[in-house]
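Okay, so here's the structure we're looking at.
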Amino acid sequence: MNSYLKIKQTFLKSVIAFILIACFQAKAQKSQFNIVGSWESIDYWKSKGKAGFTKDGYVSITINGEEIDGKNFIIHGGPNNGQKGELKYKIDIDKTPIEIDFIALKDNQEKGRLLGIIVPVNDSKFLMLINMNGKRPDSIDHDETMTLTKIE
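For the sequence shown, the positions run -28 to -1, 1 to 124 when mature numbering (1 follows the signal peptide of the UniProt record, and there is no 0) is used.
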């Protein structure tokens, strides 16, 4: 009976250790995603662009040849036409899928926010879907998904 209890305790300890290791590995794999850097993007319609994410939270994008410098861009159109604005991003890698917000600022005040999700493919590629209607997408299975590939 005594050896049976020892075997049972050893088995339970092994199962708990396995579960803890698996949880820590999953967390470590998830936290390895790093968006900082320069990326080439291609959308569903095969339109190419570029995106740059800085450590201090700025994003710069090039769409259809038009570059938006996140730290210093000039607003085109609307009541703020010709004025300076900023474009920042906020990412939450602890969510599944990873959540990303693009935040437009003027005079340090938020003027708008686009909500999106990211699904990493590997260290140098991820899928991103941004919703323009103020609601965060639930999943990446949508026609307007973009693929971003690291270039720097």
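For glycine and all other residues, C-beta sits at the position ideal for the given N, C-alpha and C.
Residue from Glu71, Lys27, Tyr61, Pro92 with nearest C-alpha to Leu120:
Taking the first residue of the sequence shown as 1, we reach residue 120 at position 148. Measuring from the Cα of Leu120, the nearest candidate turns out to be Pro92.
Check whether Ile90 and Ile7 have beta carbons under 9 Å apart
Position 118 of the sequence shown, counted from the start, is the residue given in the question as residue 90. Position 35 of the sequence shown, counted from the start, is the residue given in the question as residue 7. It is a contact, given that the beta carbons lie within the stated cut-off.
Would you say the segment 108 to 119 touches the segment 33 to 42, given that touching needs at least three Cβ pairs under 8 Å?
no
Proximity to Gln4 [Cα-Cα], best of Asn94, Leu99, Ile123, Asn44:
Position 32 of the sequence shown, counting from 1, holds the residue named residue 4. Of the listed residues, the one whose Cα sits closest to Gln4 is Asn94.
Would Ala(-1) be called buried (16 or more neighbouring beta carbons within 10 Å of its own) or exposed?
By one-based count along the sequence shown, residue -1 stands at place 28. Model confidence at Ala(-1) stands at a pLDDT of 41, short of 50, so the residue's coordinates are unreliable; what they give is reported in the following sentence. That one is exposed.
For Gln81, the three-state DSSP class (helix, strand or coil):
The sequence position of residue 81 within the sequence shown is 109, counting from 1. Residue state, collapsed to three classes: strand.
Measure the Cβ-Cβ separation of Gly88 and Ala76 and say whether it is below 9 Å.
On the sequence shown, position 116 is the one that residue 88 refers to. On the sequence shown, position 104 is the one that residue 76 refers to. No, they are not a contact pair.
Length of the line joining the Cα atoms of Phe45 and Ser32
By 1-based counting over the sequence shown, the position of residue 45 is 73. By 1-based counting over the sequence shown, the position of residue 32 is 60. Spanning the two alpha carbons is a distance of roughly 9 Å.
How would you call Phe(-5), buried or exposed, if buried means at least 16 neighbouring beta carbons within 10 angstroms?
Here residue -5 refers to the residue found at position 24 of the sequence shown. In this predicted model, Phe(-5) has a pLDDT of only 44, less than 50, meaning its place in the structure is not dependable; the value taken from the coordinates is given anyway. It counts as exposed.
Nearest to Leu59 (by Cα), restricted to the options Lys67, Ala23, Lys18
One-based indexing of the sequence shown puts residue 59 at position 87. Closest by alpha carbon: Ala23.
Simplified DSSP assignment, three categories, for Asn36:
If you number the sequence shown from 1, residue 36 lands on position 64. Coil at Asn36, not helix or strand.
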